[in-house]
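The next block holds one structure in the form of structure tokens; read it before the comments.
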Ligand code: NAD
């Protein structure tokens, strides 16, 4: 394939990763964002957020000139392919806020050259593409190319994808989008080296991701259905965890064996304080809302959402059943919605910290990457600490709220704390080892 002029609109987790990886695959890429601080960060050779390996990739592609960043939309007119990677947050009623998506589509309609391809990487409700096609000139092709990367393993997931999907009516345009991704696969070894993400040599040799062309509506529905099913698995595990708590079964033993059935699979079966972040919560509510607009009810997803909503409160009730919270020093370790990211959007760790504060706990919170992002959502009584040591010193209760690797070692934590209760809200600690240090251990679905 010929190397292309690519514009990536939106420099968040998806856009920055895509822009840097396409640039590292020898395409000329211009990243556009309305947020000047993100553009400045990229132009300085730094990702605007924490993601393993991305700083290395951004700095190397900026320095070779393959990648540049701007707030101006001028570059759109000479682009062969424009990727839309802007946010699709939820509205207060749970539906998807598509204002950013449509504002970018309008720009594309005005500026793109005939024959160019407008690609949607943002997660949008099924039917959105047909609405966008109505505002694009006939000479511009539209392709839905949903993104499946996970924050914290974004580069790895892009290089060693399970599937790349391109959906649309124009089969040539879909083929071009798939071929564009093939150039990434061809550069995977170099990109892995430059970014420094840990890659097994076997991954490089044996990778067999699929390239799939689909109908436009199928591509849109594939993305939200994937996330909905993963959310469903987590909520299912959390429901069974509550039964395990009531019966002294162990959720890890149960789901480990249940998931060992090849028809079911082990992934996303960990119990804990629930899912969060910039995708699952709004993708589930967006799916429920868009299904409703087509006259379809999805009670199964409503149940998944409501179980998820209840989990931080469930954990607080468990703590209250064995320990006072009023005026008690509680150290909350972890605020990010998961480890490996600075993303604290809709983080259940934040919700847990807030509920503990609401119960009268004196909460001292720490996160290695997400403290700044979490601050606006934290209860004003919570002290955000610069180090884990500060949060832990003299604590009566330690709550592990995000599974950062440094929180899995209780040996250094033990001498700092005054109390003896460890609450493992993400089931990431070996209970017996915690107990061997003299702590009481409280997990989710791991019995008393
Ligand atoms: P994000 O909020 O991190 O980034 C979105 C960016 O778009 C922001 O930097 C914002 O300033 C910019 N933006 C908004 N309007 C703009 C405009 N008119 N012109 C230029 N820039 C504009 O979002 P994200 O996490 O990267 O997600 C983007 C999309 O990808 C969403 O639809 C999301 O659901 C989907 N997605 C996200 C992930 C993930 O793990 N984060 C994974 C797969 C899919």
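Residue numbers (my numbering): 19 to 466.
Positions of the beta carbon are idealized from the N, C-alpha and C atoms, including for glycine.
{"Query": "Whole angstroms is fine: what's the gap from residue 179's alpha carbon to residue 228's?", "Result": "8 Å"}
{"Query": "Mapping DSSP to helix, strand and coil, what is residue 253?", "Result": "helix"}
{"Query": "Between the region 76-84 and the region 116-125, can you find at least three pairs of beta-carbon atoms closer than 8 Å?", "Result": "no"}
{"Query": "Under the rule that 16 or more other beta-carbon atoms within 10 Å means buried, what is residue 304, buried or exposed?", "Result": "buried"}
{"Query": "Can you name, in chain order, every residue of its own chain whose Cβ lies under 6 Å from the Cβ of residue 255, other than the five neighbours on each side?", "Result": "273, 287, 289"}
{"Query": "Please state whether DSSP places residue 105 in a helix, a strand or coil.", "Result": "coil"}
{"Query": "Just to confirm, are residue 52 and residue 88 a CB contact at a threshold of 7 Å?", "Result": "no"}
{"Query": "How many angstroms separate the CA atom of residue 329 from the CA atom of residue 338?", "Result": "14 Å"}
{"Query": "In angstroms with no decimal places, state the Cα-to-Cα distance between residue 326 and residue 148.", "Result": "32 Å"}
{"Query": "Since residue 425 contacts residue 351 with CB under 8 Å, what's their CB separation in whole angstroms?", "Result": "5 Å"}
{"Query": "Runs of 4 residues minimum, wholly inside the region 45-132: which ones carry the alpha helix (DSSP H) assignment?", "Result": "54-61, 72-82, 117-129"}
{"Query": "Is residue 130 buried or exposed, if buried means 16 or more other CB atoms sit within 10 Å of its CB?", "Result": "buried"}
{"Query": "Tell me whether the beta-carbon of residue 213 lies closer than 7 Å to the beta-carbon of residue 28.", "Result": "no"}
{"Query": "Excluding five sequence neighbours on each side, which residues of the same chain lie with their C-beta closer than 6 Å to the C-beta of residue 169?", "Result": "31, 359, 361"}
{"Query": "Specify the secondary structure class of residue 351 as computed by DSSP and reduced to three states.", "Result": "strand"}
{"Query": "Near residue 392, what residues of its chain come up, given a Cβ to Cβ distance below 7 Å and the 5 sequence neighbours on each side ignored?", "Result": "353, 362, 365, 368, 385"}
{"Query": "In the DSSP output, which residue or residues are listed as bridge partners for residue 229?", "Result": "182"}
{"Query": "Can you tell me which of 58, 98, 463 puts its alpha carbon nearest to the alpha carbon of residue 20?", "Result": "98"}
{"Query": "If we call anything under 7 Å between Cβ atoms a contact, is residue 237 one with residue 183?", "Result": "yes"}
{"Query": "Which residues bound the beta strand (DSSP E) around residue 39?", "Result": "Premise fails: residue 39 lies in the alpha helix (DSSP H), 31-42, not in any beta strand (DSSP E)."}
{"Query": "Measuring CB to CB, does residue 414 end up less than 7 Å from residue 462?", "Result": "no"}
{"Query": "Mind listing, in chain order, the continuous alpha helix (DSSP H) runs of no fewer than 4 residues lying wholly within the region 140-202?", "Result": "146-153, 172-177"}
{"Query": "Any beta carbon from chain C within less than 7 Å of residue 359's own beta carbon?", "Result": "This model lacks chain C altogether; it includes just one protein chain."}
{"Query": "Do you know how far the Cα of residue 59 is from the Cα of residue 141?", "Result": "25 Å"}
{"Query": "Does the region 131-138 come close enough to the region 61-71 that 3 or more CB-CB pairs lie under 8 Å?", "Result": "no"}
{"Query": "In the DSSP output, which residue or residues are listed as bridge partners for residue 23?", "Result": "46"}
{"Query": "What residues in its chain sit with their C-beta under 6 Å from that of residue 298, if we drop five residues either side in the sequence?", "Result": "245, 249"}
{"Query": "Can you give the beta carbon distance from residue 144 to residue 181, rounded, assuming they're within the 8 Å contact cut?", "Result": "Residue 144 to residue 181, Cβ: 18 Å. No contact."}
{"Query": "Are the CB atoms of residue 388 and residue 402 within a distance shorter than 7 Å?", "Result": "no"}
{"Query": "Along the chain, where does the alpha helix (DSSP H) containing residue 325 start, and where does it finish?", "Result": "317-338"}
{"Query": "State the DSSP-derived secondary structure class of residue 260, mapped to helix, strand or coil.", "Result": "helix"}
{"Query": "Is it buried or exposed for residue 90, if we count other Cβ within 10 angstroms and need 16 for buried?", "Result": "exposed"}
{"Query": "In whole angstroms, give me the CA-to-CA distance for residue 217 and residue 226.", "Result": "15 Å"}
{"Query": "Out of 277, 247, 264, 208, state which residue places its alpha-carbon closest to the alpha-carbon of residue 43.", "Result": "208"}
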